[in-house]
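**Q**
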Amino acid sequence: MKIEHDRIDAFAGCSSGGLPLAVALAMTMNRPFIAVRLYDKNPLNHPELEGSWRKGQRIAIVDDSLVLGRQKRRMVEILEAAKLRPTHVLVVMELGGFPADSEERKWIAARGIKIRSLVTWHEWVHFMQREGVIAKEVADSLLRLLENPPEWVKD
Numbered sequence: 005m006k007i008e009h010d011r012i013d014a015f016a017g018c019s020s021g022g023l024p025l026a027v028a029l030a031m032t033m034n035r036p037f038i039a040v041r042l043y044d045k046n047p048l049n050h051p052e053l054e055g056s057w058r059k060g061q062r063i064a065i066v067d068d069s070l071v072l073g074r075q076k077r078r079m080v081e082i083l084e085a086a087k088l089r090p091t092h093v094l095v096v097m098e099l100g101g102f103p104a105d106s107e108e109r110k111w112i113a114a115r116g117i118k119i120r121s122l123v124t125w126h127e128w129v130h131f132m133q134r135e136g137v138i139a140k141e142v143a144d145s146l147l148r149l150l151e152n153p154p155e156w157v158k159d
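One rule links them: number in this note's numbering = place in the sequence shown (from 1) + 4.
(1) Which value, in whole angstroms, describes the spacing of the CA atoms of residue 134 and residue 56?
(2) Which whole-angstrom value describes the C-beta separation of residue 36 and residue 30, a residue pair presumed to lie in contact below a C-beta threshold of 8 Å?
(3) Answer yes or no: do residue 107 and residue 76 have a C-beta to C-beta separation smaller than 8 Å?
(4) Taking the CB atoms as reference points, tell me whether residue 122 and residue 142 lie closer together than 8 Å.
(5) In whole angstroms, what is the alpha-carbon distance linking residue 138 and residue 132?
(6) So, are the CB atoms of residue 66 and residue 116 less than 8 Å apart?
(7) Since I believe residue 53 is in contact with residue 38 (beta carbons under 8 Å), could you give me their beta-carbon distance rounded to a whole number of angstroms?
(8) Report the rounded CA-to-CA distance for residue 23 versus residue 88, giving the unit in angstroms.
(9) How far does the alpha helix (DSSP H) with residue 44 in it extend, from its first residue to its last?
(10) Can you give me the start and stop residues for the beta strand (DSSP E) that residue 67 sits inside?
(11) Taking DSSP as the reference, what is the three-state secondary structure of residue 115?
(12) Less than 7 Å between C-beta atoms, sequence neighbours within five positions excluded: which residues of the same chain meet that for residue 82?
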């Protein structure tokens, strides 16, 4: 995955997966880090963003995985409300079998935000089988999980 570091002013992450990854990238690339808090309800009016930023900065959202994109869309909304410019969604793994043209992904793409992943679920399973880490039967079973994901997944 190529990251255009000269076009990213800060990294944002949320939840247990995205926070450490975003912090690591921010530290490695000497950029600020922003923690995004996603609340179902926020009766105490806690801040949704924590960290250091300036209006207009270009932000890369970092997370461990991408399914349908609902959480990433919510992060974009929060960042844009703070007058920041999300430009990238960077994830470790993108789960295949899910609609790449989901409403959320279309919404993200319409804003010119680039979605990048290091690996897809299918690539990972095939790699693990090829390297002898898992048997063919296990790989087949793992790949079958994604044959009809809307049946079992909640993003």
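Quick reminder that beta carbons are idealized off the backbone N, C-alpha and C, glycines included.
**A** Looking at the coordinates:
(1) 44 Å
(2) 6 Å
(3) no
(4) no
(5) 6 Å
(6) no
(7) 6 Å
(8) 18 Å
(9) That residue, residue 44, is in no alpha helix (DSSP H); it is neither H nor E in DSSP.
(10) 62-70
(11) coil
(12) 40, 52 and 53
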